[in-house]
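**Student:** Chains as they are written, first to last, in this note's numbering: chain A, 27 to 489; chain B, 27 to 489.
1. Measure the C-alpha to C-alpha separation of residue 214 (chain B) and residue 58 (chain B) and round it to an integer number of angstroms.
2. Given residue 100 (chain A), which residues of its chain have a CB within under 6 Å of its CB, disregarding the five upstream and five downstream residues?
3. If you follow the alpha helix (DSSP H) that residue 421 (chain A) is part of, which residue opens it and which one closes it?
4. Residue 218 (chain A) and residue 206 (chain A): beta carbons closer than 8 Å?
5. Taking 8 Å as the CB-CB limit, is residue 155 (chain A) close to chain B?
6. Rounding to the nearest angstrom, what Cα-Cα distance links residue 441 (chain B) and residue 456 (chain B) in this structure?
7. List, in order along the chain, the chain A residues whose C-beta lies closer than 7 Å to that of residue 409 (chain B)?
8. Between the alpha carbons of residue 322 (chain A) and residue 398 (chain B), how many angstroms are there, rounded?
9. To the nearest angstrom, report how far apart residue 63 (chain B) and residue 103 (chain B) are at their CA atoms.
10. Less than 6 Å between C-beta atoms, sequence neighbours within five positions excluded: which residues of the same chain meet that for residue 472 (chain B)?
11. Would you say residue 491 (chain B) faces chain A, with C-beta separation under 8 Å as the test?
12. Given that residue 365 (chain B) touches chain A, what residues does it touch there, using C-beta distances under 7 Å?
13. Can you tell which of A:370, A:290, A:276, A:296 has its C-alpha closest to the C-alpha of residue 446 (chain A)?
14. For residue 491 (chain B), does the count of other Cβ atoms within 10 angstroms reach 16, so buried, or fall short, so exposed?
15. In the structure shown, what three-state DSSP assignment does residue 277 (chain B) receive?
16. Among the residues of its own chain, which have a CB less than 7 Å from the CB of residue 286 (chain B), if the five just before and after it don't count?
17. Any idea which residues DSSP pairs residue 182 (chain B) with across the strands?
18. Might you give, ordered along the chain, the residues of its own chain that have their beta carbon closer than 7 Å to the beta carbon of residue 35 (chain B), omitting 5 neighbours on each side?
19. Quick check on this structure: which residue in A:222, A:308, A:419 has the alpha carbon closest to the alpha carbon of residue 105 (chain A)?
20. Give me the Cβ distance between residue 208 (chain A) and residue 182 (chain A), rounded to the nearest whole Å; I'm assuming they're in contact under 8 Å.
21. What in chain A is Cβ-close to residue 335 (chain B), meaning under 7 Å?
22. Given residue 327 (chain A), which residues of its chain have a CB within under 8 Å of its CB, disregarding the five upstream and five downstream residues?
23. How would you call residue 141 (chain B), buried or exposed, if buried means at least 16 neighbouring beta carbons within 10 angstroms?
24. Quick one: residues in its chain with C-beta nearer than 6 Å to the C-beta of residue 318 (chain B), no 5 flanking neighbours on either side, listed in chain order?
25. Taking only the alpha-carbon atoms, compute the straight-line gap between residue 250 (chain A) and residue 173 (chain A) and give it to the nearest angstrom.
26. Which of helix, strand or coil does DSSP assign to residue 221 (chain B)?
27. What does residue 228 (chain A) reach in chain B if we use C-beta pairs closer than 9 Å?
28. Quick check on residue 116 (chain B): does DSSP put it in helix, strand or coil?
29. Let's see if you can read the secondary structure: which residues bound the beta strand (DSSP E) around residue 269 (chain A)?
30. Give the straight-line distance between the Cα atoms of residue 91 (chain B) and residue 113 (chain B), rounded to the nearest whole angstrom.
31. Alpha carbon to alpha carbon, how far is residue 145 (chain B) from residue 262 (chain A)?
32. Using a Cβ cut-off of 7 Å, pull out every chain B residue sitting near residue 262 (chain A), in sequence order please.
33. Kindly list the residues whose CB is nearer than 7 Å to the CB of residue 353 (chain B), restricted to its own chain and excluding five residues on each side of it in sequence; keep chain order.
34. DSSP has residue 177 (chain B) in a bridge; who is on the other side?
35. How about residue 372 (chain A): is its C-beta nearer than 8 Å to some C-beta of chain B?
36. Exposed or buried, which one is residue 39 (chain A) when buried takes at least 16 other CB atoms within 10 Å?
Below, the structure written as structure tokens:
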């Protein structure tokens, strides 16, 4: 029964106590104890501790790990962190202790962060020339393409083999591949002609030919397919691994789902940061300077928008001086314009990201948005009309605010819908439309509409 | 060579032409042609076409599919769509044509959308009692827990078997399991004691005992583990399948990465909709009414905020009547408060979602945020000071605007940081802090700060 106790959820939680005791161990340079503590942890957990350590402490720990685990830990670190950490080590140690045990995609990612000179140094210390060659190959692809995501580790079997021979070949190749998922079936020229699941391999007679068992309906991407496309394909077809081929169909590598999960998350975060007005990929743990820099541009655009808003109001200053009540609703109208615009554009941005918006049909999209705007615009205008009817002493103001609110909601909806669609058409990231520029334009247009309407109404009703 | 041509990227793109020709086929009731066209498509592609068809057209097509593909198509549909489609069919057809071929998790999801009476009807038509029992089991778990995500299809092998016997057992069990990924090793009581990869099975001698090969360091979750936790674990440890156990460690099911990718995406979308002021899970293809309803609450809060803002300004109306220039910067100050607040809170929300913020340390988080706010606040205040120095004729106004802007940035930063941290502490979704309420509070506070400061400065400088 004691055996059962250790099962169930056994997930590592990084606690302050744990970090403190680990620090203690490091200070005492107690290697044996450190090895014991780290031995119980998954590489991902050890990577999580990195944030709490300085480079010297991390060095002490990571050099105690066996090479495979050390490599896994480095692969799990943030790019910034692995760069900083590895730069503190001589290139021979980097090669022998970390890179040699890494999967080729992780190794290429890590080396991609280094200067070219440093890359060459590290590569020169890698004993296995094939491995070094694979890494150099991978470094030649753009980061945000299938080539930049893929690893060279995979199992490829010639279609003319029988299962028996395939198993022998598999044993040779499998050593370097952590998870096989699929066997890729190729012809004599290395062209991908099918896939074979391990399940099929296990369930069929040993004499069957690979070519007769292979699934020939391959879903694959080219080395230059953008990573967003890769993520969409793997998500849509529920794939855990996706083969990558060159322009004449030769198998070049494979992408596994764990890397794509990161892409999906990063995409979502990029859109999120855009809509929150943050221009760089930052995390709350980044430096004060980096955090300020990431936020400054939006604030600057907001400030300039505010100044233009001040011009608009200044143009109507005479009206406000005559009837100060107009000023009461300036922020309300400006804010509603911004809000409605963000709502409209974010729905389009998300729809485009999801592929749930079918291309074309801008007109039908706009007329639908118009209906939504009419519905909300009428309700809100009536509400503010009722409020002002009871609490405002000026009928002209009551009318101006309601009319302006209605017009602003219609304008901001259509503008918020149109801009991301246009950006997307011209292959510009539509998420830009949720950012500062459009919100600011809607703020300003709101003021212009409100003040123009109230000038007309006040002039009509007062004269 | 002709054989090669069909390889490379072969991804289905839904075109208007394709839909038109498919419609044509449906109108002609050309079953043979329809089967031919659908035969070339992946289930996920067929599901994508659903949006373009009415229920009657979909019925014609889906009933032509072989059962397994039909089941896959239904599993790929949006929940709303599959609900609507299946409700148009008699329960016997639902059971026999669709549910019987589905994986248990998909079947439970689809049945979960039906009324209890309808569920019973459909279940009564399922021939395999074990399958029906599995579905009923799964229906008992909460949707957003590991139990609600998991499927019953998995390969479980007793630890006391040899590889030879394991292979025989595997052949029996594998039929119902699409992708095996791992073999789960259990003891006589059904308690999960380890995992075994197919790779290990293939690479070891046939006489080895399963228990000696199994990896005993299992990462598993309980049936009641929240799905967000499941997603975090699978992402962190790069898992493609995760076993689910009950409170005494017995293996109950497994969760595969494709379901978790959806959870990750949904989580990101929820936060995105929150920050864009949309209260329901909507897509741009939803009805006008649903879209309006999802946006109305934020607009209403914005409107109420605007009204409170109007009270605040009304309280200072005398000041504005005396010096209308104050009105010029009302929208600027309100907007900057809102912007800064969203920036601060969204960084915290994302950090909490990522686990990149370590628990505790509210004070250090606030002091860092204060530094960022000081940096940006000082720069922006100086910029607006310079602008007003040249373009404004009132020194009091120039001073008021700069001081107010600085104070608002500090206030909104700290408020925007604190609120999500507090919400998180009390187990409330911190993303609420990026939504309408906080933005509105920051808008109003901005006005209050600005008008108070300018009253003091105008009083001091003018008297």
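For every residue, glycine included, the Cβ atom is placed at its ideal position computed from N, Cα and C. What you are looking at is a predicted structure, and each value in this text was computed from that prediction instead of being measured.
**Tutor:** Inspection of the coordinates gives the following:
1. What you label residue 214 (chain B) is simply residue 188 of the second chain in a count that begins at 1. What you label residue 58 (chain B) is simply residue 32 of the second chain in a count that begins at 1. For residue 214 (chain B) and residue 58 (chain B), the distance between alpha carbons rounds to 52 Å.
2. To locate residue 100 (chain A), count along the first chain from 1; it is residue 74. Closer than 6 Å at Cβ, skipping near neighbours: 108, 124.
3. Counted from its first residue, the first chain places residue 421 (chain A) at position 395. Unbroken alpha helix (DSSP H) run through residue 421 (chain A): 421 to 451.
4. On the first chain, position 192 is the one that residue 218 (chain A) refers to. On the first chain, position 180 is the one that residue 206 (chain A) refers to. For residue 218 (chain A) and residue 206 (chain A), no; Cβs fall outside 8 Å.
5. Stepping through the first chain from its first residue, residue 155 (chain A) is reached at position 129. So, not an interface residue.
6. Translated into positions along the second chain, residue 441 (chain B) becomes position 415. Translated into positions along the second chain, residue 456 (chain B) becomes position 430. C-alpha separation (whole angstroms): 13 Å.
7. Translated into the one-based positions of the second chain, residue 409 (chain B) becomes position 383. The answer, in chain order, is 329.
8. Working through the first chain from its first residue, we reach residue 322 (chain A) at position 296. Working through the second chain from its first residue, we reach residue 398 (chain B) at position 372. Rounded to the nearest angstrom, the two C-alpha atoms are 10 Å apart.
9. Here residue 63 (chain B) corresponds to residue number 37 of the second chain, with the count starting at 1. Here residue 103 (chain B) corresponds to residue number 77 of the second chain, with the count starting at 1. Roughly 19 Å between the two C-alpha positions.
10. Along the second chain, one-based indexing puts residue 472 (chain B) at 446. Taken in chain order, the residues that qualify are 359, 360, 363, 434.
11. In the structure as shown, chain B begins at 27 and stops at 489. Residue 491 (chain B) is therefore absent and cannot be evaluated.
12. Here residue 365 (chain B) is taken as the residue at index 339 of the second chain, counted from 1. The contacting residues are 303, 324, 325, 328.
13. Residue numbering aside, residue 446 (chain A) sits at position 420 when the first chain is read from its first letter. Residue 446 (chain A) has its Cα closest to that of A:370, out of A:370, A:290, A:276, A:296.
14. With chain B running from 27 to 489 in the structure shown, residue 491 (chain B) is simply not present.
15. Taking the first residue of the second chain as position 1, residue 277 (chain B) is located at position 251. Residue 277 (chain B) falls in the strand class under three-state DSSP.
16. Position 260 of the second chain, counted from the first residue, corresponds to residue 286 (chain B). Correct list, in chain order: 256, 257, 260.
17. Along the second chain, read from residue 1 onward, the residue named residue 182 (chain B) stands at position 156. B:210.
18. For the purposes of this step, residue 35 (chain B) is taken as residue 9 along the second chain, with counting starting at 1. Since pLDDT at residue 35 (chain B) reaches only 45, below the 50 mark, its modelled position is unreliable, and the value read off the structure follows with that caveat. So no residue of the chain qualifies.
19. Your numbering for residue 105 (chain A) matches position 79 in the first chain. The shortest Cα separation from residue 105 (chain A) among A:222, A:308, A:419 belongs to A:308.
20. Sequence index remark: in the first chain, residue 208 (chain A) carries index 182 (1-based). Sequence index remark: in the first chain, residue 182 (chain A) carries index 156 (1-based). Between residue 182 (chain A) and residue 208 (chain A) the Cβ distance is about 10 Å, and since that is not below 8 Å, they are no contact.
21. For the purposes of this step, residue 335 (chain B) is taken as the residue at position 309 of the second chain. By Cβ distance, chain A contributes 357, 358.
22. In the first chain, residue 327 (chain A) corresponds to position 301, counting from 1. Contacts found: 462, 463, 466.
23. Numbered from its first residue, the second chain carries residue 141 (chain B) at position 115. Classification of residue 141 (chain B): exposed, given that the 10 Å Cβ count is below 16.
24. On the second chain, position 292 is the one that residue 318 (chain B) refers to. If we look at residue 318 (chain B) and ignore the five residues flanking it on each side, it has no Cβ neighbours.
25. Within the first chain, numbered from 1, the residue matching residue 250 (chain A) stands at position 224. Within the first chain, numbered from 1, the residue matching residue 173 (chain A) stands at position 147. Between residue 250 (chain A) and residue 173 (chain A), the C-alpha separation is close to 6 Å.
26. To locate residue 221 (chain B), count along the second chain from 1; it is residue 195. The answer is strand: DSSP assigns residue 221 (chain B) an E or B state.
27. Against the first chain, residue 228 (chain A) aligns to sequence position 202. Within 9 Å Cβ-Cβ: 193, 196, 197, 200, 206, 224, 227, 228.
28. In the second chain, counting from the first residue as 1, residue 116 (chain B) sits at position 90. In the structure shown, residue 116 (chain B) sits in coil (DSSP, three-state: anything other than H, G, I, E or B).
29. The count along the first chain starts at 1 and reaches residue 269 (chain A) at position 243. Counting along the chain, the beta strand (DSSP E) containing residue 269 (chain A) begins and ends at 267 to 271.
30. The residue you call residue 91 (chain B) lines up with position 65 of the second chain. The residue you call residue 113 (chain B) lines up with position 87 of the second chain. Looking at the two C-alpha atoms, the distance is approximately 18 Å.
31. The count along the second chain starts at 1 and reaches residue 145 (chain B) at position 119. The count along the first chain starts at 1 and reaches residue 262 (chain A) at position 236. Cα to Cα, residue 145 (chain B) sits roughly 28 Å from residue 262 (chain A).
32. As a first step, residue 262 (chain A) must be located in the first chain, where it is residue number 236. Correct list: 70.
33. Here residue 353 (chain B) refers to the residue found at position 327 when the second chain is read from its first residue. So the list reads 346, once near-sequence residues are dropped.
34. Here residue 177 (chain B) refers to the residue found at position 151 when the second chain is read from its first residue. B:280.
35. Locating residue 372 (chain A) in the first chain gives position 346, where the first residue counts as 1. It does: the Cβ of residue 372 (chain A) has a partner Cβ on chain B nearer than 8 Å.
36. Looking up residue 39 (chain A) in the first chain gives position 13. Label assigned to residue 39 (chain A): exposed.
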